[in-house]
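One line per chain: the protein sequences are A and B, in this order. When the letters of the first sequence are read in order and numbered with the working numbering, they come out as residues 2 to 107. When the letters of the second sequence are read in order and numbered with the working numbering, they come out as residues 16 to 268. Cβ atoms here follow ideal geometry from the backbone N, Cα and C, with glycine treated the same way.
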Amino acid sequence: MPSPDDLKRLGERIGEAERQRAQRGKPPAPPTSLGIAARFGTELVVAILVGAGLGWGIDWAFGHWLHLQTRPWGMVVMFVLGAAAGIRNVMGAAREINAEMASKEK
Amino acid sequence: MAMNPMEQFEVKPLFQHPLLNIAGHDIYFTNQALFMCVVVAAISLFLTLTVSKNRLVPTRGQSMAELSYEFVANMIHSTMGEDGLAFFPFIFTLFMFVLFCNFFGLVPWTFTVTSQIAVTFALACVVILTMIVTGFMKHGLRFLTLFVPKAPWYLALFLVPIEVISFLTRPISLSVRLFANMLAGHTLLAVFASFVILLGAAGGVLSVLSIAPLLLIVAIFALEMLVAFLQAYVFAILTCIYLNEALHLHDQH
Numbered sequence: 002m003p004s005p006d007d008l009k010r011l012g013e014r015i016g017e018a019e020r021q022r023a024q025r026g027k028p029p030a031p032p033t034s035l036g037i038a039a040r041f042g043t044e045l046v047v048a049i050l051v052g053a054g055l056g057w058g059i060d061w062a063f064g065h066w067l068h069l070q071t072r073p074w075g076m077v078v079m080f081v082l083g084a085a086a087g088i089r090n091v092m093g094a095a096r097e098i099n100a101e102m103a104s105k106e107k
Numbered sequence: 016m017a018m019n020p021m022e023q024f025e026v027k028p029l030f031q032h033p034l035l036n037i038a039g040h041d042i043y044f045t046n047q048a049l050f051m052c053v054v055v056a057a058i059s060l061f062l063t064l065t066v067s068k069n070r071l072v073p074t075r076g077q078s079m080a081e082l083s084y085e086f087v088a089n090m091i092h093s094t095m096g097e098d099g100l101a102f103f104p105f106i107f108t109l110f111m112f113v114l115f116c117n118f119f120g121l122v123p124w125t126f127t128v129t130s131q132i133a134v135t136f137a138l139a140c141v142v143i144l145t146m147i148v149t150g151f152m153k154h155g156l157r158f159l160t161l162f163v164p165k166a167p168w169y170l171a172l173f174l175v176p177i178e179v180i181s182f183l184t185r186p187i188s189l190s191v192r193l194f195a196n197m198l199a200g201h202t203l204l205a206v207f208a209s210f211v212i213l214l215g216a217a218g219g220v221l222s223v224l225s226i227a228p229l230l231l232i233v234a235i236f237a238l239e240m241l242v243a244f245l246q247a248y249v250f251a252i253l254t255c256i257y258l259n260e261a262l263h264l265h266d267q268h
């Protein structure tokens, strides 16, 4: 038979464990510098490639279906927009990483 | 002796005869398909066997399974909030699949499924399609305001195409990141392994030097263990972030 004291102590321990569990929140994976660098790199390069690719596709579509010679302007414009999107991506990634680090320091 | 560090990534059919023929295309059972089956079987066995006894005081295996469960649940909770837990099965499956593929690939003589852009891109497409379907189901056409930042109309004119491009880069950057990390790490290991063999075969002082790349392999292998976990984590958390945008459009939960 457990005494009331034992049960009380058990209750306290369960409460303590639950409090610790609630505090944990964020998963403990620190963003390494290598990971951050790789992330920024891919975000920027991929956006530029996608922009340039879309521009190339637009030029092709105009030439093929509408018989309009837009080359190279579609690609030029979309390349610039792609670069802008890449910078936006990097800013977004930086914001996420900052938020993650800030929440860890707390 | 020809040593090609890229040889490990070759997809080869395991049987001479194609498994299926769909619309004139022969579908072969390849080493890639085999290792996907192995990974799925391993995950299923790991998760069912370790929790089948279901003890109050968990065994080592059970606590590993519980740890991975809680890890993903915490990740979803912190990025998407309470209603994100509806996606738990999806994200847990993705995370475990990528994690096990990455770790299985580190075992010598195995094939790294996640080093194939076709596989990672397919996974990323599933994520983005889930995001699009969720967004339209939850918000209807209002989901399209995801592409319209809060700005005066003359700026929005430029910002909308940028947002669209940035959205289109997501499946690509998501898949390229995982694929490139796996490809680079395994190539590096193979290159250093060939140094060991070349130096060892050279004879004399050079043979003694072959210990250096061998030690480096050990170090890189340790790094690859970290990368294998980290990339699975990054894949899962970015999935959470994207799905969160579809669930809660502009507002931060």
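Is residue i buried or exposed, if buried means 16 or more other CB atoms sit within 10 Å of its CB?
i: A/His68; result: exposed
i: A/Asp60; result: buried
i: B/Gln47; result: buried
i: A/Ala18; result: exposed
i: B/His268; result: Note that B/His268 scores a pLDDT of 40, beneath 50, so its modelled location is shaky; the value from the coordinates is reported in the next line. Burial call: exposed.
i: A/Pro28; result: In this prediction, A/Pro28 has a pLDDT of 46, which is less than 50 and means its spatial position is unreliable; what the coordinates show is noted afterwards. Answer is buried; the Cβ neighbour count reaches 16.
i: B/Gln31; result: exposed
i: B/Val26; result: exposed
i: B/Phe102; result: buried
i: B/Cys255; result: buried
i: B/Thr65; result: buried
i: B/Cys116; result: buried
i: B/Ser67; result: exposed
i: A/Ile37; result: exposed
i: A/Gln70; result: exposed
i: B/Met7; result: Past the boundaries of the shown model lies residue 7 of chain B; chain B is included only from 16 to 268, so the question cannot be answered.
i: A/Arg20; result: exposed
i: A/Pro73; result: exposed
i: B/Gly39; result: exposed
i: B/Met16; result: Residue confidence is low: B/Met16 scores 45 on pLDDT, short of 50, so the model does not pin down where it sits. Its coordinate-derived value is still stated next. When all chains shown are included, B/Met16 counts as exposed.
i: B/Met21; result: exposed
i: B/Leu156; result: exposed
i: B/Phe236; result: exposed
i: B/Phe126; result: buried
i: B/Leu69; result: For the sequence presented, residue 69 of chain B should be read as Asn rather than Leu. Its Cβ having fewer than 16 others within 10 Å, B/Asn69 is exposed.
i: B/Thr160; result: exposed
i: A/Ala103; result: exposed
i: B/Ala217; result: exposed
Thinking just about the alpha-carbon of each residue, which of the options is nearest to the one in residue i?
i: B/Asn259; options: B/Val128, B/Ser78, B/Arg70, B/His92; result: B/His92
i: B/Phe50; options: B/Leu172, B/Gly99, B/Val134; result: B/Val134
i: B/Thr145; options: B/Ala199, B/Leu161, B/Phe105; result: B/Phe105
i: B/Val233; options: B/Leu170, B/Tyr84, B/Lys27, B/Gly200; result: B/Gly200
i: A/Met79; options: B/Glu178, B/Ala195, B/Leu203, B/Leu193; result: B/Glu178
i: B/Lys153; options: B/Ala261, B/Gln31, B/Phe24; result: B/Ala261
i: B/Phe110; options: B/Phe126, B/Pro164, B/Ala139; result: B/Ala139
i: A/Arg96; options: A/Arg14, A/Arg10, A/Arg40; result: A/Arg40
i: A/Ile49; options: A/Met76, A/Ile37, A/Leu35; result: A/Met76
i: B/Thr45; options: B/Leu34, B/Phe236, B/Gly120, B/Gly218; result: B/Leu34
i: B/Leu100; options: B/Thr184, B/Gly39, B/Leu114, B/Tyr84; result: B/Tyr84
i: A/Leu55; options: B/Phe182, B/Ala205, B/Phe112; result: B/Phe182
i: A/Thr43; options: B/Val249, B/Met197, B/Ser188; result: B/Ser188
i: B/Ala80; options: B/Arg157, B/Phe61, B/Val55, B/Val72; result: B/Phe61
i: B/Leu269; options: B/Phe158, B/Ala88, B/Ala166; result: This structure cannot speak to residue 269 of chain B, because chain B is shown only from 16 to 268.
i: B/Phe162; options: A/Ala86, A/Ser104, A/Phe63; result: A/Ala86
i: B/Asn196; options: B/Thr74, B/Ile132, B/Ser209; result: B/Ile132
i: A/Ala53; options: A/Leu82, A/Asp7, A/Ser34; result: A/Leu82
i: B/Thr269; options: B/Ile212, B/Phe194, B/Ser59; result: No answer is possible for residue 269 of chain B: the residues shown for chain B start at 16 and end at 268.
i: B/Thr63; options: B/Ile212, B/Val72, B/Val53, B/Gly76; result: B/Gly76
i: B/Phe244; options: B/Ile226, B/Val220, B/Phe86, B/Asn19; result: B/Phe86
i: A/Leu35; options: B/Gln246, B/Val175, B/Tyr257, B/Leu253; result: B/Gln246
Mapping DSSP to helix, strand and coil, what is residue i?
i: B/His92; result: helix
i: A/His65; result: helix
i: B/Leu35; result: strand
i: A/Glu97; result: helix
i: B/His263; result: coil
i: B/Thr45; result: strand
i: B/Pro28; result: strand
i: A/Lys27; result: Unreliable placement is indicated for A/Lys27, whose pLDDT of 45 sits below 50; no coordinate value is reported for it.
i: B/Leu253; result: helix
Between residue i and residue j, which are expected to be in contact by the criterion C-beta below 8 Å, what is the C-beta distance as a whole number of angstroms?
i: B/Phe11; j: B/Pro186; result: Lying outside 16 to 268, the shown extent of chain B, residue 11 of chain B is not represented and no answer is given.
i: B/Leu292; j: B/Ser222; result: Limits of chain B in this structure are 16 at one end and 268 at the other, which puts residue 292 of chain B out of reach.
i: B/Leu198; j: B/Phe24; result: 7 Å
i: B/Met240; j: B/Leu121; result: 7 Å
i: B/Pro228; j: B/Phe250; result: The Cβ separation is near 31 Å, so there is no contact.
i: A/Val51; j: B/Ile180; result: 6 Å
Open item on the list: So within the stretch 164-231 of chain B, which uninterrupted alpha helix (DSSP H) runs reach at least 4 residues, ignoring any that extend past its ends?
Closed with: 168-217, 220-224
Task: In chain order, each alpha helix (DSSP H) run of at least 4 residues that lies wholly inside the stretch 90-161 of chain B - done: 103-120, 132-154
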